[in-house]
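Q: Dropping a structure here in structure tokens format, bear with me for questions.
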Amino acid sequence: MSTGHIRKRPTKDGKPSYQLIVESEKDPITGKRRRFYKTVNGTKKEAEVTLTRMKAEIDGSGAIAKPSALKLSDWMAEWLELYLPNIEATTRANYVERITTKLNPYLGSTPLKNIQTSMVQQWVNDLSKKENLAPKSVKNVYLNLKAALDKAVLLNMIPQNPCTGVELPKLVKYQAEVYDDIEIEKLLQETKGTDMYLFIVLEISLGLRRGEIAALEWSDIDFEKSVIHITKNRVIAGKEKITKSPKSQAGIRDLYIGEHLHTLLSEEYERYQADKKAMGGDFIDSNLVIRQKNGKGFSPDSLTQKWIRFRKIHGLKEIRLHDLRHTCATAMLSAGVSPKVIQTRLGHSDISVTMNIYTHSLPSMNKDAGDKIDEVLFR
49 MSTGHIRKRP TKDGKPSYQL IVESEKDPIT GKRRRFYKTV NGTKKEAEVT
99 LTRMKAEIDG SGAIAKPSAL KLSDWMAEWL ELYLPNIEAT TRANYVERIT
149 TKLNPYLGST PLKNIQTSMV QQWVNDLSKK ENLAPKSVKN VYLNLKAALD
199 KAVLLNMIPQ NPCTGVELPK LVKYQAEVYD DIEIEKLLQE TKGTDMYLFI
249 VLEISLGLRR GEIAALEWSD IDFEKSVIHI TKNRVIAGKE KITKSPKSQA
299 GIRDLYIGEH LHTLLSEEYE RYQADKKAMG GDFIDSNLVI RQKNGKGFSP
349 DSLTQKWIRF RKIHGLKEIR LHDLRHTCAT AMLSAGVSPK VIQTRLGHSD
399 ISVTMNIYTH SLPSMNKDAG DKIDEVLFR
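Going by this note's numbering, the residue at position 192 of the sequence shown is 240; the numbering climbs one at a time, nothing skipped.
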């Protein structure tokens, strides 16, 4: 068995650096040991992990393979496990899905040391043209690769990052579609009397995110004060549903509700209690506002699919579920609600995000602005 130890190295900038020294077993012919060295710029834990890998490689082959001889897929897995231990479960699941489906099939079997800029560029081009992947999605998986290779450079596994110089497809800003007054009226008419009605009213009157609706519980509603407390967001991490706090403090907010929504929620709460009593042990007492008949909740993706099916069946204009949130914002804007209040109600941490709502303004609002400026200047 090989032996090894770690020696801390002094550095001018004071950053941690360690020298790894590993000795192989004696050669049966020469009777000599081989000694291997490696420098790790990072934490002691990183140095210990690298030392363990060096010893395993020496014991397995009698001569160490350079870490850069690892396959890219193996390095990506190690990067995720060792260097990103504290990222959220949802973020990790997204990274794993991207790397597994969009990176490894193209470059995963290539040795890390053999990755060239031209190969990365071809991969980016293939994602964009052959797979027709959206520019933002291409950029996301590219950034995962770049970060992993940056770490490989820092650990002296490769001399430079082959992502340098790669051209990404140009990002195209998505222009959200919204419903105007007539389309909102049709939407409400089509949903009234169905299990979609409360869900849609929550979307277009409060502008909630789908995960916020999926996580909304009866304990979040203060019927006496007509306030809904938004404190949770339901997300998917791999195949697991997770309820967590919003990404930013701005996402935690109290929303005052009008009389119509108050009545709808009161009636739904009575139905919840009635179903709970009628179904007995078959009822899942989830405490969720938007639920299935047996009390079981919906995943955010299920709500999206539910919306798409309903929209198609009833011949409604094709817009994303998230665009109902923009519809709410546009309706508030049209009603004269200040952007600052809209920001608070939507849970935007940055008002610039809210101000972008103006790019979704309706033609009628544009005409109204023209009429008003004409009246002010030329009356």
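Where is the CB? At the ideal position from N, CA and C, for every residue including glycine.
1. If I252 sits next to T375, beta carbons under 8 Å apart, how far is it from one beta carbon to the other, in whole angstroms?
2. Using a threshold of 7 Å, state whether the C-beta atoms of R301 and T291 are closer than that.
3. Does the structure place the segment 350 to 370 close enough to the segment 271 to 279 that three or more beta carbon pairs sit under 8 Å?
4. Report the option in L128, R257 and E423 whose CA atom is closest to the CA atom of H396.
5. Spatial neighbours of S50 within its chain, please: CB distance less than 7 Å, with the 5 preceding and 5 following residues excluded, ordered by chain position.
6. Measure the Cβ-Cβ separation of S347 and I284 and say whether it is below 7 Å.
7. Is the segment 180 to 197 touching the segment 130 to 146, taking contact as three or more C-beta pairs under 8 Å?
8. How far does the beta strand (DSSP E) with R55 in it reach, from first residue to last?
9. Would you mind reading off the limits of the beta strand (DSSP E) that contains K292?
10. So K199 and Y131 are supposed to be a Cβ contact under 8 Å. How far apart are they, rounded?
11. Distance, Cα to Cα, K324 vs A383?
12. Taking DSSP as the reference, what is the three-state secondary structure of S226?
13. Between which two residues does the beta strand (DSSP E) holding F84 run?
14. Three or more beta-carbon pairs under 8 Å between the segment 267 to 275 and the segment 301 to 320, yes or no?
15. To the nearest whole angstrom, what separates the beta carbons of L99 and L68, a pair I think is in contact under 8 Å?
16. I think L120 touches T158, with their Cβ atoms under 8 Å apart; what is that distance to the nearest whole Å?
17. Report the option in N192, L197, K150 and A196 whose CA atom is closest to the CA atom of K178.
18. Under three-state DSSP, which class holds I261?
19. Which residues does DSSP pair with R301 in a beta bridge?
20. Just to check my reading of the structure: E366 and R373 have Cβ atoms closer than 8 Å, yes? What is that Cβ distance to the nearest angstrom?
21. Tell me whether E435 is buried or exposed, calling it buried when 16 or more other Cβ atoms sit within 10 Å of its Cβ.
22. Measure from the alpha carbon of R319 to the alpha carbon of each residue in E231, V97, Y66 and D243, then state which is nearest.
23. What's the gap between the Cα of I54 and the Cα of T87?
24. Return helix, strand or coil for K119, following the three-state DSSP convention.
A: Reading it off the structure:
1. That belief holds up - the Cβ atoms of I252 and T375 are roughly 6 Å apart, short of 8 Å.
2. Pairing R301 with T291 gives a Cβ-Cβ distance that is not under 7 Å.
3. At 8 Å Cβ cutoff, the stretches do not touch.
4. Out of L128, R257 and E423, the CA that lies nearest to the CA of H396 is found in R257.
5. Excluding sequence neighbours, S50 sits near V70, E71, S72, E73, K103, I106 and D107.
6. With a cutoff of 7 Å on beta-carbon distance, S347 and I284 are scored as near each other.
7. Yes, they touch.
8. Where R55 is concerned, the enclosing beta strand (DSSP E) stretches over T51 to K56.
9. Where K292 is concerned, the enclosing beta strand (DSSP E) stretches over E288 to K292.
10. About 6 Å; that satisfies the 8 Å criterion.
11. Their Cα atoms are separated by approximately 40 Å.
12. In the sequence under discussion, the amino acid at residue 226 is Val, which differs from the Ser named in the question. It is coil, neither helix nor strand.
13. Its beta strand (DSSP E) spans residues R83 to V88.
14. Contact holds: three or more Cβ-Cβ distances are below 8 Å.
15. That belief holds up - the Cβ atoms of L99 and L68 are roughly 5 Å apart, short of 8 Å.
16. The beta-carbon distance between L120 and T158, rounded to whole angstroms, is 5 Å. This is short enough to meet the 8 Å contact definition.
17. Ranking the options by Cα distance to K178, first place goes to K150.
18. Taken through DSSP and simplified to helix, strand or coil, I261 comes out as helix.
19. I278.
20. Going by Cβ atoms, the distance from E366 to R373 rounds to 16 Å, so no, they are not a contact pair.
21. Because residue 435 is not part of the residues shown, which for the chain are 49 to 427, the question remains open.
22. Among E231, V97, Y66 and D243, the Cα nearest to that of R319 belongs to D243.
23. I54 and T87: Cα-Cα distance of roughly 10 Å.
24. K119: strand per DSSP, three-state reduction.
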